[in-house]
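Protein chains in written order, with our numbering: chain L, 40 to 452; chain G, 5 to 166.
Heads up, the beta-carbon is just placed ideally off N, CA and C, and yes, glycines get one too.
The structure presented is a predicted model; accordingly, all values stated were derived computationally and were not measured.
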Amino acid sequence: MSGDGGELGAGTRADFPLLGREVRGRPIIYLDSAASSQKPRSVLDAMNSYYETINANVHRGAYEIAAQATEAMEAARAAVARFVNAPSADEIVFTKNVTEAINLVARSWGGANLGPGDAVVITEMEHHANIVPWHIMAAEKGFELRWIDVGADGQLDLGNLDRLLDGAKLLGVTAMSNVLGTLNPIRRLADAAHDAGALVLVDAAQYVPHLPTDVQALGADFLGFTGHKMCGPTGIGVLWARAELLEAMPPFLGGGEMILDVRKDGFLPNHIPHKFEAGTPPIAEIVGLGEAVRYLEGLGMDRVREHEVSLTAYALRTLQDRYGPELAVHGPSEPACRGGVLSMSFRDIHPHDLSQVLDDRGVCVRAGHHCAKPLMRHLGVPATTRASLYVYNDTSDVDALADALGAAGEFFG
Amino acid sequence: MAGLEDLYREIILDHYRNPRNRGELEVPPAVQAVGFNPLCGDEVVIYVEVRDGVITDVSTGGQGCSISQSSASMMSTAVKGRTVAEVRRLVWAFKRMMSIHGSGIGGTGDELDDEPDSGNDAGDVKLGDLEALQGVVKFPVRIKCATLSWNTLVQALDETFA
Numbered sequence: 040m041s042g043d044g045g046e047l048g049a050g051t052r053a054d055f056p057l058l059g060r061e062v063r064g065r066p067i068i069y070l071d072s073a074a075s076s077q078k079p080r081s082v083l084d085a086m087n088s089y090y091e092t093i094n095a096n097v098h099r100g101a102y103e104i105a106a107q108a109t110e111a112m113e114a115a116r117a118a119v120a121r122f123v124n125a126p127s128a129d130e131i132v133f134t135k136n137v138t139e140a141i142n143l144v145a146r147s148w149g150g151a152n153l154g155p156g157d158a159v160v161i162t163e164m165e166h167h168a169n170i171v172p173w174h175i176m177a178a179e180k181g182f183e184l185r186w187i188d189v190g191a192d193g194q195l196d197l198g199n200l201d202r203l204l205d206g207a208k209l210l211g212v213t214a215m216s217n218v219l220g221t222l223n224p225i226r227r228l229a230d231a232a233h234d235a236g237a238l239v240l241v242d243a244a245q246y247v248p249h250l251p252t253d254v255q256a257l258g259a260d261f262l263g264f265t266g267h268k269m270c271g272p273t274g275i276g277v278l279w280a281r282a283e284l285l286e287a288m289p290p291f292l293g294g295g296e297m298i299l300d301v302r303k304d305g306f307l308p309n310h311i312p313h314k315f316e317a318g319t320p321p322i323a324e325i326v327g328l329g330e331a332v333r334y335l336e337g338l339g340m341d342r343v344r345e346h347e348v349s350l351t352a353y354a355l356r357t358l359q360d361r362y363g364p365e366l367a368v369h370g371p372s373e374p375a376c377r378g379g380v381l382s383m384s385f386r387d388i389h390p391h392d393l394s395q396v397l398d399d400r401g402v403c404v405r406a407g408h409h410c411a412k413p414l415m416r417h418l419g420v421p422a423t424t425r426a427s428l429y430v431y432n433d434t435s436d437v438d439a440l441a442d443a444l445g446a447a448g449e450f451f452g
Numbered sequence: 005m006a007g008l009e010d011l012y013r014e015i016i017l018d019h020y021r022n023p024r025n026r027g028e029l030e031v032p033p034a035v036q037a038v039g040f041n042p043l044c045g046d047e048v049v050i051y052v053e054v055r056d057g058v059i060t061d062v063s064t065g066g067q068g069c070s071i072s073q074s075s076a077s078m079m080s081t082a083v084k085g086r087t088v089a090e091v092r093r094l095v096w097a098f099k100r101m102m103s104i105h106g107s108g109i110g111g112t113g114d115e116l117d118d119e120p121d122s123g124n125d126a127g128d129v130k131l132g133d134l135e136a137l138q139g140v141v142k143f144p145v146r147i148k149c150a151t152l153s154w155n156t157l158v159q160a161l162d163e164t165f166a
């Protein structure tokens, strides 16, 4: 039992109703949490309870349940702020997902602050969500998009960082690669960016669910994450940003809720964070996210991280022992430098074919480019097969993956 | 529940391991078209050369899974030497076979255009070995793998006559 990381894993599995189901007569082996995690019963219950007992539109309602709905939503905001050590809950803007959070920054902050002669620096290992918004804005505003390349062992090549940051106004970087699992040195990057006069936007979609997060210690200016990868529901994400940045930024979407006053000749935007939350928010999803945060706090994020490091080490060792050079796991070789994301290339079996055989054995993995085509080109592969680990996985899941890979090898052998 | 043997028929694996008509043709006289499957990053390149309304040569390139590569290979052998009109009917019949309309799955299949005005009964088109790909319909996410080379062929033909 040395590799199972203690009480997490099999001990938490019972909290997740879906993990009790079978696929084709076998217990489900869920190894796709980097795409979306499963949800614990407490999150599902909180959302149901919201609908069954206090469902009403938030803010401005003078009646009891509207006040309770507002209270539940703002309590979730406070829980999220505490979870990432934000100085104030006013700095937590609810979005649809991290994609919308980054688009909000690109549109609002970028629209007001970027123009010809400026530069935005991003990395070759970004998810499309932290690439395409900058492509769109670069085409519109005429600024330059610069790239930090990926170097050896799945790490960013920071050799020419100072040159890339010279004249840059923003550095956009993922805290943890959704393909390689690489944990990037955010504090070091943030210090270098700030020295060069640039702000730092962190895509923390793969980080916040898996490691203790302190936005202040990371040195970020903007940080986005998404609820459904951290035991919460889909349709809810978060943009954290320093209050003075949010104050200075123009609104993103216009509509109800985001105004103080509207006249025929204009409008006065609301205070933060409401300035960026136009329209009726996804209240049940916000309540669910708040409960997800409480669930993860109950497990303890230090323990979550320990569990995943230990399980990742077990997985890397097991796959290496069983398949040696026939199976490549892309990204850092040292478990302490990475998250539990195992992007594999196995012999010359196409990831779609590999994942099909794995699915036949109830093993859920993701095959494809993982919304990181520049990185795929760097790796020289069209796609990879990605298994990803979370709080409910243990060594038995890794063993099932290894067995299923063997079956695929025989099938296509 | 569909099993792997429904998907990976022996003839499919044979075309995957030994693809026919693989390579490039000189452009022109050939026309080249590239198709992408944004889902998985697969990319297929189709070259066709048409003379007097007949597909005199066809070649395939690119990279992809066993389904997309075998479908491209089988497509190339099925269309070589046939008239463009015959091939358009064949494409229609193939896509009808790969359509999930009526199978109760719904959703992710390709849109099926109206039957081409052939003057013949297009329903009589013989699919032959191509019927081996029918099992793919039971795996809806893989349908686009099977139809990728066919849609790319249509692009190449449309460009030929543009």
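Once DSSP output is grouped into helix, strand and coil, what is the label at Asp-46 (chain G)? Along the second sequence, one-based indexing puts residue 46 (chain G) at 42. The answer is strand: DSSP assigns Asp-46 (chain G) an E or B state.
Check whether the region 101-112 of chain L touches the region 279-291 of chain L, taking contact to mean three or more Cβ pairs, one atom from each stretch, closer than 8 Å. no
If the cut-off is 7 Å on Cβ atoms, which residues from the region 68-92 of chain G count as contacting chain L, listed in chain order? Gly-68, Cys-69, Ser-70
Can you tell which of L:Pro-421, L:Arg-344, L:Ala-280 has the C-alpha that lies nearest to the C-alpha of Ala-140 (chain L)? For the purposes of this step, residue 140 (chain L) is taken as residue 101 along the first sequence, with counting starting at 1. The shortest Cα separation from Ala-140 (chain L) among L:Pro-421, L:Arg-344, L:Ala-280 belongs to L:Ala-280.
Check this for me: beta carbons of Thr-213 (chain L) and Pro-371 (chain L), under 9 Å apart or not? Stepping through the first sequence from its first residue, residue 213 (chain L) is reached at position 174. Stepping through the first sequence from its first residue, residue 371 (chain L) is reached at position 332. For Thr-213 (chain L) and Pro-371 (chain L), no; Cβs fall outside 9 Å.
Ala-158 (chain L) versus Ala-168 (chain L): straight-line alpha-carbon distance, rounded: In the first sequence, the residue the question calls residue 158 (chain L) occupies position 119. In the first sequence, the residue the question calls residue 168 (chain L) occupies position 129. Going from the Cα of Ala-158 (chain L) to the Cα of Ala-168 (chain L) covers about 18 Å.
DSSP three-state assignment for Gln-67 (chain G), whether helix, strand or coil: As a working note, residue 67 (chain G) is residue 63 in the second sequence. Residue state for Gln-67 (chain G) is assigned as strand, using DSSP reduced to three classes.
CB Ala-422 (chain L) to CB Gly-65 (chain G), shorter than 9 Å? Taking the first sequence and counting its residues from 1, one reaches residue 422 (chain L) at position 383. Taking the second sequence and counting its residues from 1, one reaches residue 65 (chain G) at position 61. The answer is no: Cβ separation not under 9 Å.
Anticipated Cβ contact below 8 Å, Arg-386 (chain L) with Gly-448 (chain L), distance rounded: Taking the first residue of the first sequence as position 1, residue 386 (chain L) is located at position 347. Taking the first residue of the first sequence as position 1, residue 448 (chain L) is located at position 409. Indeed, because the Cβ distance is near 7 Å, the residues count as touching under 8 Å.
Measuring straight from C-alpha to C-alpha, what distance separates Pro-251 (chain L) and Val-404 (chain L)? Taking the first residue of the first sequence as 1, we reach residue 251 (chain L) at position 212. Taking the first residue of the first sequence as 1, we reach residue 404 (chain L) at position 365. When rounded, the distance between both Cα atoms is 25 Å.
Considering Cα atoms alone, identify which of L:Arg-65, L:Leu-57, L:Thr-319, L:Val-144 is closest to Leu-240 (chain L). The residue labelled residue 240 (chain L) in the question sits at position 201 within the first sequence. With distances taken between Cα atoms, Leu-240 (chain L) lies closest to L:Val-144.
Gly-45 (chain G) versus chain L: which residues are under 8 Å apart at the beta carbon? As a first step, residue 45 (chain G) is located in the second sequence; it is residue number 41 there, counting from the start. Going along chain L in sequence order, the residues near Gly-45 (chain G) (Cβ under 8 Å) are Gly-407, His-408, Lys-412, Met-415, Pro-421, Ala-422.
Let me see if you follow: with CB-CB separation under 9 Å, is Tyr-51 (chain G) close to chain L or not? Here residue 51 (chain G) is taken as the residue at index 47 of the second sequence, counted from 1. For Tyr-51 (chain G), the answer is no, since every Cβ of chain L falls outside 9 Å of its Cβ.
I'd like to check one pair, Arg-65 (chain L) with Arg-489 (chain L): are the Cβ atoms closer than 9 Å? No information on residue 489 (chain L) is available, as it lies outside the stretch 40 to 452 that chain L covers here.
By alpha-carbon positions, which one of L:Ala-244, L:His-249, L:Val-171, L:Pro-413 ends up nearest to Gly-339 (chain L)? Position 300 of the first sequence holds residue 339 (chain L). Put simply, of L:Ala-244, L:His-249, L:Val-171, L:Pro-413 the residue whose alpha carbon is nearest the alpha carbon of Gly-339 (chain L) is L:His-249.
So with Cβ pairs under 9 Å, would you call Leu-17 (chain G) a contact of chain L? Indexing the second sequence from 1 puts residue 17 (chain G) at position 13. Yes, contact with chain L.
Find the residues of chain L that neighbour Leu-11 (chain G), judging by a C-beta separation of less than 8 Å, and give them in chain order. Along the second sequence, read from residue 1 onward, the residue named residue 11 (chain G) stands at position 7. Correct list: Gln-395.
Measuring CB atoms only, is the region 407-426 of chain L touching the region 37-51 of chain G, in the sense that at least three cross pairs come out at less than 8 Å? By the criterion of at least three beta-carbon pairs nearer than 8 Å, the region 407-426 of chain L is in contact with the region 37-51 of chain G.
How would you call Arg-116 (chain L), buried or exposed, if buried means at least 16 neighbouring beta carbons within 10 angstroms? Locating residue 116 (chain L) in the first sequence gives position 77, counting from the first residue. Here Arg-116 (chain L) is buried, its C-beta having at least 16 other C-beta atoms within 10 Å.
Determine the closest residue to Ala-73 (chain L) out of L:Lys-412, L:Ser-216, L:Arg-202, with distance taken between C-alpha atoms. The count along the first sequence starts at 1 and reaches residue 73 (chain L) at position 34. Of the candidates L:Lys-412, L:Ser-216, L:Arg-202, the one whose C-alpha sits nearest the C-alpha of Ala-73 (chain L) is L:Ser-216.
Going by the DSSP bridge assignment, what does His-383 (chain L) pair with across the sheet? For the purposes of this step, residue 383 (chain L) is identified with residue 344 of the first sequence, where counting begins at 1. Rather than His, the amino acid found at residue 383 (chain L) in this sequence is Met. Looking at the DSSP output, Met-383 (chain L) sits in a beta bridge with L:Val-368, L:Thr-424.
Glu-163 (chain L), DSSP secondary structure in three states: Stepping through the first sequence from its first residue, residue 163 (chain L) is reached at position 124. In this structure, Glu-163 (chain L) counts as coil in the three-state DSSP scheme.
Does the separation of the CB atoms of Asp-398 (chain L) and Ile-71 (chain G) fall below 9 Å? Start at 1 with the first residue of the first sequence, and residue 398 (chain L) comes out as number 359. Start at 1 with the first residue of the second sequence, and residue 71 (chain G) comes out as number 67. No; because the gap between Cβ atoms is not below 9 Å, this pair is not in contact.
Name the residue from L:Gly-100, L:Glu-365, L:Ala-354, L:Ala-120 whose alpha carbon lies nearest to the alpha carbon of Arg-377 (chain L). On the first sequence, position 338 is the one that residue 377 (chain L) refers to. Considering only alpha carbons, the answer is L:Ala-354.
Residue-chain proximity (Leu-8 (chain G), chain L), Cβ-Cβ < 9 Å: Within the second sequence, the letter at position 4 stands for residue 8 (chain G). Yes, because at least one Cβ of chain L sits closer than 9 Å to the Cβ of Leu-8 (chain G).
With distances taken Cα to Cα, identify the nearest neighbour of Leu-195 (chain L) among L:Leu-228, L:Thr-351, L:Leu-184. Translated into the one-based positions of the first sequence, residue 195 (chain L) becomes position 156. Closest option to Leu-195 (chain L), Cα to Cα, is L:Leu-228.
Chain-order list of residues whose beta-carbon lies under 8 Å from that of His-166 (chain L) (same chain, five-residue window excluded): Working through the first sequence from its first residue, we reach residue 166 (chain L) at position 127. Within the same chain, His-166 (chain L) has close Cβ partners Thr-213, Asn-217, Asp-242, Ala-244, His-409, Cys-410, Ala-411.
If you draw a straight line from the alpha carbon of Leu-134 (chain G) to that of Asp-54 (chain L), how long is it in whole angstroms? Reading the second sequence from its first residue, position 130 is the one you call residue 134 (chain G). Reading the first sequence from its first residue, position 15 is the one you call residue 54 (chain L). Each residue's Cα considered, the two are about 47 Å apart.
Please name the residue or residues paired with Val-141 (chain G) in a DSSP beta bridge. By one-based count along the second sequence, residue 141 (chain G) stands at place 137. DSSP, once it has assigned bridges, lists no residue as partnering Val-141 (chain G).
Looking only at its chain, what residues have a beta carbon closer than 6 Å to the beta carbon of Arg-344 (chain L), apart from the 5 residues adjacent to it on each side? The residue you call residue 344 (chain L) lines up with position 305 of the first sequence. Closer than 6 Å at the Cβ level, and outside the excluded window around Arg-344 (chain L), lie Leu-250.
Ala-74 (chain L) Cβ short of 8 Å to the ligand ADP heavy atom set: With respect to the ligand ADP, the structure shown offers nothing to examine, as it has no ligands at all.
Shorter than 9 Å from the beta carbon of Arg-24 (chain G) to some beta carbon of chain L? For the purposes of this step, residue 24 (chain G) is identified with residue 20 of the second sequence, where counting begins at 1. Closer than 9 Å: no.
Interface flag, Asp-71 (chain L) vs chain G, CB-CB below 9 Å: Here residue 71 (chain L) corresponds to residue number 32 of the first sequence, with the count starting at 1. With 9 Å as the cut-off, Asp-71 (chain L) does not count as an interface residue toward chain G.
Cβ shell of Arg-146 (chain G) (< 6 Å), same chain only, five flanking positions each side left out: Residue mapping note: residue 146 (chain G) aligns to position 142 of the second sequence, counting from 1. Cβ neighbours of Arg-146 (chain G) beyond the five flanking positions: Ile-71, Val-140.
Does Phe-165 (chain G) have its Cβ less than 9 Å from a Cβ in chain L? In the second sequence, the residue the question calls residue 165 (chain G) occupies position 161. No, its Cβ sits nowhere closer than 9 Å to a Cβ of chain L.
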